[in-house]
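Asks: Have a look at the structure that comes next, please.
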Amino acid sequence: MEPYFFGIFVHVWANAGAFVFFIFLNHCLLIIVGIDPGTLVMGYGVISVDKNTISLVEMGVLHLSKHKDHGERLNYIFERVSALVQRHEPVAVALEAPFYGKNVQSMLKLGRAQGVAIAAAMAHGSRTVEYAPKKIKQSVTGNGNASKEQVWKMLQYILKFEDNPDYLDATDAVAVAICHYYTTKGDITLARIKTTKKVSKGWSDFIGQNPDRIK
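With the numbering used here, letter number 44 in the sequence shown gets 52, and the count goes up by one each step, no holes.
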């Protein structure tokens, strides 16, 4: 092939590739999982974003109180969050950061629950991020001191659903997911981070593959 024609071919191919990549970015369905950590009830919510349209995929809660042993609760969290991530393959898993209270034991248990949820998401290749409660409320309602009920009402307006959730932990989790989308909107780093590591099959498997993360 003559150099001139080869140059034209490369130019056209490069522009075609850029065009296809542009189309992909503008039609890529983004899935975000939100988690509201808890020691008795943990909320989760999944949203999809198509262009600028946000839709509710699912929301619910994990009833941790039925497991009396704290270790069993942590294992249950790991299994359920792992299943959630595997089922939806989100670009990110966003969690509400624990707020500091006076009860040290409660804070310790809450921190463990959040840590296990993060580990489960990372074990399956998902990016994890945390947001403070005030940041989440501010992003969704415009008021950092909004009540759970106000957050729920705003979500009904944004997502256009009429269901009344049995637990507001679920809608809080959806709010975390929406907060992440609003915060990173237009950011190319929202794309899912791939991992070359073998996917962990359980909590013990994750510890074995990531000894440096468990102190």
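All C-beta atoms, glycine included, are put in the ideal place defined by N, C-alpha and C.
Mind checking who Y175 pairs with in its DSSP beta bridge?
Replies: The partner list for Y175 (beta bridge, DSSP) is empty, contrary to what the question assumes.
Asks: Counting C-beta neighbours from all protein chains within 10 Å, is the total for T61 16 or more, i.e. buried, or is it exposed?
Replies: Exposed, since its Cβ has fewer than 16 Cβ neighbours within 10 Å.
Asks: Helix, strand or coil: how does DSSP classify I201 here?
Replies: Only weak support exists for where I201 lies, its pLDDT of 38 falling under 50; the value from the coordinates is given anyway. Note: I201 maps to coil in three-state DSSP.
Asks: Between G79 and the rest of its own chain, which residues show a CB-CB distance below 7 Å, the 5 nearest in sequence each way excluded?
Replies: So the list is empty, once near-sequence residues are dropped.
Asks: Assuming contact is defined by CB atoms lying nearer than 8 Å, are A140 and G68 in contact in what I supplied?
Replies: No, Cβ-Cβ distance for A140 and G68 is not below 8 Å.
Asks: Are there three or more Cβ pairs, one per stretch, closer than 8 Å when the stretch 151-165 is compared with the stretch 123-134?
Replies: With a cut-off of 8 Å, the stretch 123-134 and the stretch 151-165 do not count as touching, because too few Cβ pairs lie within range.
Asks: Below 8 Å on the Cβ atoms is my contact criterion, and I expect I85 with L103 to pass it. Report the Cβ-Cβ distance as a whole number of Å.
Replies: With a Cβ gap of about 12 Å, I85 and L103 do not count as contacting.
Asks: So, with DSSP's three-state summary, where would you put D58?
Replies: Looking at D58 - three-state DSSP - the assignment turns out to be strand.
Asks: List the whole-angstrom C-beta distance separating I144 from A183, where the pair is believed to meet the contact cut-off of C-beta under 8 Å.
Replies: 5 Å between Cβ atoms; contact.
Asks: How would you label G53, buried or exposed, when you count the other beta carbons within 10 angstroms and need 16 or more for buried?
Replies: Its Cβ being crowded by 16 or more others within 10 Å, G53 is buried.
Asks: So, with DSSP's three-state summary, where would you put D44?
Replies: DSSP places D44 in strand when its eight states are reduced to three.
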